[in-house]
Amino acid sequence: MQSDWRRLLAYIRPYRSRVIFGTCFTLLLSLSNLPLPLIMQYFIDEVLIAEQWAQLNLILMMILGLHVVRGLFSFFQTYTITYLGQRLVLDLRHLLFDHLQKLSLSYYDKKQTGKIMSRVMDDVTSIQSMLSSQVIRAFTDFVTLFVVIGLLFYKNWALALMSISVVPFYIANRQYFKPKIRLISREIRESWDHIFGSVQETMAGVYVVKAFSQEERETHEFEVSTWDYTELSMGRQFMAVRFSAIAGIISGLGTSLVLWYGGYTAVQGTMTIGELMAFYGLVGFLYGPAVRLATLSANIQASLVSVERVFEILDTKPDVEDGGISRLPRIKGHVEFRDVCFGYSPDQFVLDSINLDVKPGMTVALVGHTGCGKTTLVNIIPRFYDPILGSVFIDDYDTRDVRIESLREQIGIVLQESVLFDETIRNNIAYGKMDASDGEVEHAAQVANIHDYIISLPDGYGTRLGDEGMILSGGQKQRIAIARAIVADPRILIMDEATSALDSESESLIQEALKNVRKNRTSFVIAHRFSTILDADLIVVMDQGKIIETGTHENLLQRKGLYAILYEEQFKKSLNGSASDKSQVLEPNV
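Residue numbers (the numbering used here): 56 to 645.
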């Protein structure tokens, strides 16, 4: 944890002047309370008892002036700390988001989106509160304690000893509750992660929830999760109440000792009433910071859980690191897999001894049962994942030896699930090439057979798509995704089931267009329908992570292997489903 503190201080260092100003104003605000008991001593002894009423106006002016000064200190302290806190949370969120962008896909395969969002938003806010207010408050209270103790000893050493005799009890109270608060705070954060993740997942899948009439089930699960969170929060609150109650009893014990002995000395005449009341007031400024320090310690323990959770992300190293220092030059598109083995876990390979040589401009179709490794294989080309064994070469460059950005900017990808942003259609198409001209964007849309639909919209290419492209049909989303891949002018094109959401008419038009797009480009295609890959230069048949057949459509049919079996199964299903259209053969799990 000491190293975590050092790392946190590194984020504060750019704002050290603000920290110094905020600390000074907080300290001045705290210390400006101390003259009040001394003024009250003078008021009691010199005005009330001595009946020097002429001094009354002076005392009132002193009290008024003190409050004016405190108001100024409070203003500057609040402004400085607020600014500091907002800048810290801004920097931390930027840092965290930037690091998340650099993490490999394997990290997101294991983490729920809502849990990541919880750390970016809630945990960073907790750290902001700790750094901008709690730590500064703790420091100023600590300094105030020493100043007050000095004043107490100056006024009456015997009473001062009685006052500080209860401080060890504060420390014992803090040490007892510290690990308990830390533990339950972590459980609360994990529970909140679960709630955040569940809400995000349910909202994203709201159509499925409604389609299967599972609203009551989701509501029940949400109620269970929130009740667990509530119980944990109440547990921590009750723990904090017990902690504060014990601290209050300790304060009461110390105050009682002061009044008992102070009252005795006042009766004996060795201390004036004003001195006793001043001492009593100063004791309040001793126990007040002591209680706050104990409470702040509990709050800081809770915030340190957030620190651990944020640093847990920042300390995660990407599985795929940008180790290359040279940019990949403009490529021809020669892709070669050399003895590639890969697994999402070290003890189980998803790809086993893959050897594949794809010449520039070839169209390669990947087929096989679901889970055979088709998508994993194409995901290795842009280095979404790195092989455990073996290498991938593009134009004789090992992909691990060049900068990732220079590699991926020459690869166009159409995902199985069309991911669109709440942006304009133009910006979605130009996402891979944000400086694309309007002509380039429109040409890509025409090739993808979506241009006519776009210009029929009131705002044309300026139409915002909404969350996840909600205004579009599945086929329209996919055509925009295809246009996005085309506009980037890639040398390598990857289409992971790119035509799965298209109707028959749109598919035939797009397939004709993609024939032109694939010219002079190396293309990898994973399709639902065999009709989309009949003209592929090379068909690669995979089974259980291995390549078991390669060849053209005609060659593979003649061999009567797995490809022929799959094709025959699809053909039969096509006859059963639609005898009038034998050209469209739906692939079962290919």
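We treat Cβ as the ideally placed atom computed from N, Cα and C, and that holds for glycine.
Minimum C-alpha distance to G600 - residue among R438, Q403, Q471: Working through the sequence shown from its first residue, we reach residue 600 at position 545. The option with the nearest alpha carbon to G600 is Q403.
For N112, the first and last residue of its enclosing alpha helix (DSSP H): In the sequence shown, residue 112 corresponds to position 57, counting from 1. 111-157 is the span of the alpha helix (DSSP H), which, as asked, contains N112.
Closest Cα partner of S288 within the set K265, L238, Y335: Indexing the sequence shown from 1 puts residue 288 at position 233. Looking at the Cα atoms, L238 is the closest of the given residues.
Of the listed residues S268, E273, Q255, I243, nearest to T285 (C-alpha basis): Within the sequence shown, the letter at position 230 stands for residue 285. It is I243.
Short Cβ contact (8 Å threshold) for D441 with R455: If you number the sequence shown from 1, residue 441 lands on position 386. If you number the sequence shown from 1, residue 455 lands on position 400. In contact: D441 and R455 (Cβ atoms closer than 8 Å).
Residue burial classification, S638 (beta-carbon count within 10 angstroms, cutoff 16): Residue 638 sits at position 583 when you count from the first residue of the sequence shown. Caution applies to S638, whose pLDDT of 40 falls short of 50 and renders its modelled position unreliable; the model cannot decide the point.
Presumed contact (8 Å Cβ cut-off) between Y335 and L314, rounded CB distance: For this step, residue 335 is matched to residue 280 along the sequence shown. For this step, residue 314 is matched to residue 259 along the sequence shown. Their Cβ separation, rounded to whole angstroms, is 7 Å, which keeps Y335 and L314 in contact under 8 Å.
For A420, the residue or residues it bridges with in DSSP: One-based indexing of the sequence shown puts residue 420 at position 365. Paired residue(s): V580, I594.
DSSP-derived helix/strand/coil call for S280: Here residue 280 is taken as the residue at index 225 of the sequence shown, counted from 1. DSSP places S280 in helix when its eight states are reduced to three.
As assigned by DSSP and simplified to three states, the class of N228: The residue labelled residue 228 in the question sits at position 173 within the sequence shown. Note: N228 maps to helix in three-state DSSP.
Proximity test, Cβ basis, 8 Å: M525 and chain C: Protein chains in the displayed structure number just one, and chain C is not present.
Neighbour-count burial assignment, Q96, 16 or more Cβ in a 10 Å radius: Numbered from 1 along the sequence shown, position 41 holds the residue referred to as residue 96. Its Cβ being crowded by 16 or more others within 10 Å, Q96 is buried.
Buried versus exposed call for N279 [16 or more other C-beta atoms within 10 Å across all chains shown]: As a first step, residue 279 is located in the sequence shown; it is residue number 224 there, counting from the start. Correcting the residue identity first, residue 279 is Val in this sequence and not Asn. Classification for V279: exposed.
Residue from T607, I594, T327, F340 whose Cα sits closest to the Cα of I581: As a working note, residue 581 is residue 526 in the sequence shown. With distances taken between Cα atoms, I581 lies closest to I594.
Residues near F76 in its chain [Cβ-Cβ closer than 8 Å; skip 5 each side]: To locate residue 76, count along the sequence shown from 1; it is residue 21. Here the set comprises F131, T135.
Beta-bridge pairing of K601 - partner residues as DSSP gives them: Within the sequence shown, the letter at position 546 stands for residue 601. For K601, which the question treats as bridged, DSSP gives the partners D598.
Nearest-angstrom Cβ-Cβ length linking L337 and P92, presumed shorter than 8 Å: What you label residue 337 is simply residue 282 of the sequence shown in a count that begins at 1. What you label residue 92 is simply residue 37 of the sequence shown in a count that begins at 1. Yes, they are in contact, since the Cβ atoms of L337 and P92 sit about 5 Å apart, within 8 Å.
Whether M717 touches V469 by CB criterion (8 Å): Because the chain here runs from 56 to 645, residue 717 falls outside it and cannot be looked at.
Element boundaries [beta strand (DSSP E), containing V390]: Looking up residue 390 in the sequence shown gives position 335. Here the beta strand (DSSP E) through V390 covers 390-397.
Span of the beta strand (DSSP E), counted from its first residue to its last, around V469: Mapped onto the sequence shown, residue 469 falls at position 414. Unbroken beta strand (DSSP E) run through V469: 466-469.
Assigned secondary structure, G514 (DSSP; H/G/I helix, E/B strand, else coil): Start at 1 with the first residue of the sequence shown, and residue 514 comes out as number 459. Contrary to the premise, residue 514 reads as Asp rather than Gly in this sequence. Three-state result, D514: coil.
Three-state secondary structure (DSSP) of D407: Along the sequence shown, read from residue 1 onward, the residue named residue 407 stands at position 352. Reduced to three states, the DSSP call for D407 is strand.
Start and end residues, beta strand (DSSP E) containing D196: Reading the sequence shown from its first residue, position 141 is the one you call residue 196. No beta strand (DSSP E) holds D196; the alpha helix (DSSP H) holding it covers 190-210.
Stretch pair the region 484-495 + the region 435-451: three plus CB contacts closer than 8 Å: no
Backbone CA spacing between L150 and I526 [nearest angstrom]: Taking the first residue of the sequence shown as position 1, residue 150 is located at position 95. Taking the first residue of the sequence shown as position 1, residue 526 is located at position 471. Rounded to the nearest angstrom, the two C-alpha atoms are 33 Å apart.
At least three beta-carbon pairs within less than 8 Å, the region 502-511 to the region 530-539: yes
Contacting residues, own chain, Cβ-Cβ under 7 Å from L160 (five flanking each side not counted): Along the sequence shown, read from residue 1 onward, the residue named residue 160 stands at position 105. Closer than 7 Å at Cβ, skipping near neighbours: F439, Y440.
For M550, the residue or residues it bridges with in DSSP: Here residue 550 corresponds to residue number 495 of the sequence shown, with the count starting at 1. Looking at the DSSP assignment, M550 forms a beta bridge with V469, V580.
Residues that I449 bridges to, as DSSP identifies them: By 1-based counting over the sequence shown, the position of residue 449 is 394. According to DSSP, I449 bridges with V390, Y452.
Buried versus exposed call for H389 [16 or more other C-beta atoms within 10 Å across all chains shown]: Numbered from 1 along the sequence shown, position 334 holds the residue referred to as residue 389. So H389 ends up on the buried side.
C-beta atoms of V362 and I182 nearer than 8 Å: Indexing the sequence shown from 1 puts residue 362 at position 307. Indexing the sequence shown from 1 puts residue 182 at position 127. Yes, these two residues count as a Cβ contact at 8 Å.
Cβ shell of L155 (< 6 Å), same chain only, five flanking positions each side left out: Residue numbering aside, residue 155 sits at position 100 when the sequence shown is read from its first letter. There are no such residues.
Opposing strand residues paired with R519 [DSSP bridges]: The residue given as residue 519 occupies position 464 in the sequence shown. T479.
Beta-carbon proximity list for G252, same chain, < 6 Å, skipping 5 on both sides: Position 197 of the sequence shown, counted from the first residue, corresponds to residue 252. The answer, listed in chain order, is Q167, G169, K170.
Per DSSP, cross-strand counterpart(s) of D412: Taking the first residue of the sequence shown as 1, we reach residue 412 at position 357. DSSP, once it has assigned bridges, lists E391 as partnering D412.
Between the CA atoms of L147 and M176 - distance to the nearest angstrom: As a working mapping, residue 176 is identified with position 121 in the sequence shown. As a working mapping, residue 147 is identified with position 92 in the sequence shown. Approximately 10 Å between the Cα atoms of the pair.
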